[in-house]
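S.K.: Pasting a structure here, questions to come.
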């Protein structure tokens with residue numbers, strides 16, 4: 113059974129204070145690890161897909177990295193508009209994804 | 385614009401009534417999914433479909449039903465058998481092309497049953 117654990121559950125940062133979110137996973141035959149951003153009351157917004165250990169993807173202040181056991185979402189010099197819940201998911205066999213419970217990020221001005 | 389639409393955004397029903405949530409996509413995706421999200425929890429898969437006229441149960445299918453008569457549409461019915469139906473419901477779709485796995489989500493429907 114695929115499993116995803118995200119930490120911390122909640123993270124509060126000051127504007128400009130860089131940090132990282134963690135996503136630990138167990139999956140039989142990883143066919144993709146996905147990061148999403150979700151604002152309150154809205155559907156998740158796709159950010160990144162990572163397929164193999166060592167792969168990195170960047171978008172503005174966000175950078176996602178992948179090892180064989182976990183993924184990190186690095187946030188550099190965050191702004192208040194980066195406040196959201198960040199979800200991690202993995203795809204094993206088939207087309208279904210298994211999601212973690214998310215990290216709620218708050219960036220204070 | 386290509387995307388996924390869900391309607392309505394908010395839905396209120398009395399206990400014991402069935403209710404159907406709409407999901408339409410114009411992304412030409414083969415696969416569609418229904419998730420449930422409760423406060424402080426991740427997304428839990430209810431049903432998914434990879435082809436028209438075929439669908440599979442997810443992890444929490446009891447009390448729900450779906451149909452897939454058209455590629456673009458995947459409605460979800462929350463039946464009176466669902467013991468705790470109040471939740472945020474999300475529809476998603478994805479291509480089944482090899483090497484592409486991300487799912488794209490609609491805006492969600494918040495269902496309240498009293």
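Protein chains in written order, with this note's numbering: chain G, 113 to 221; chain A, 385 to 498.
Here a beta-carbon is modelled for each residue, glycine too, at the ideal position from N, C-alpha and C.
Quick caveat: nothing in here was measured; it's all calculated off a predicted structure.
(1) Within a Cβ cutoff of 6 Å, which residues of the same chain sit near residue 497/A, ignoring the five residues on either side of it in sequence?
(2) Roughly how many angstroms lie between the CA atoms of residue 204/G and residue 444/A, to the nearest whole one?
(3) Using three-state DSSP, classify residue 193/G as helix, strand or coil.
(4) Out of curiosity, what's the CA-to-CA distance linking residue 416/A and residue 187/G?
(5) Which of the three DSSP states is assigned to residue 157/G in this structure?
(6) Helix, strand or coil for residue 402/A, going by three-state DSSP, please let me know.
(7) Between which two residues does the beta strand (DSSP E) holding residue 431/A run?
(8) Can you list the residues of chain G that residue 488/A reaches, using a CB-CB cut of under 8 Å?
(9) Which same chain residues end up closer than 7 Å to residue 219/G when comparing Cβ atoms and leaving out the 5 residues on each side of it in sequence?
(10) Assign residue 215/G to buried or exposed, taking buried as 16 or more other Cβ atoms, counted over all protein chains shown, within 10 Å of its Cβ.
(11) Give me the chain G residues within the contact set of residue 478/A, using Cβ-Cβ distance strictly less than 9 Å, ordered along the chain.
(12) Return helix, strand or coil for residue 468/A, following the three-state DSSP convention.
(13) So, helix, strand or coil for residue 163/G, using DSSP?
(14) From the beta carbon of residue 448/A, is the nearest beta carbon of chain G less than 9 Å away?
(15) Can you list, in chain order, the residues of the segment 139-155 of chain G whose Cβ is nearer than 7 Å to any Cβ on chain A?
(16) What is the DSSP secondary structure of residue 414/A, counted as helix, strand or coil?
(17) Where does the unbroken beta strand (DSSP E) through residue 438/A begin, and where does it stop?
(18) Kindly list the residues whose CB is nearer than 6 Å to the CB of residue 133/G, restricted to its own chain and excluding five residues on each side of it in sequence; keep chain order.
M.R.: Reading it off the structure:
(1) 397, 399, 469, 470
(2) Straight-line Cα distance between these residues: approximately 19 Å.
(3) Helix, per DSSP.
(4) 31 Å
(5) strand
(6) coil
(7) 427-435
(8) 158
(9) 125, 127, 190, 191, 192, 194, 195
(10) buried
(11) 207, 209
(12) Reduced to three states, the DSSP call for residue 468/A is coil.
(13) coil
(14) Answer no: the Cβ-Cβ gap between residue 448/A and chain G never drops below 9 Å.
(15) 143, 144, 146, 154, 155
(16) coil
(17) Element bounds for residue 438/A: 438-441.
(18) 185, 198, 215
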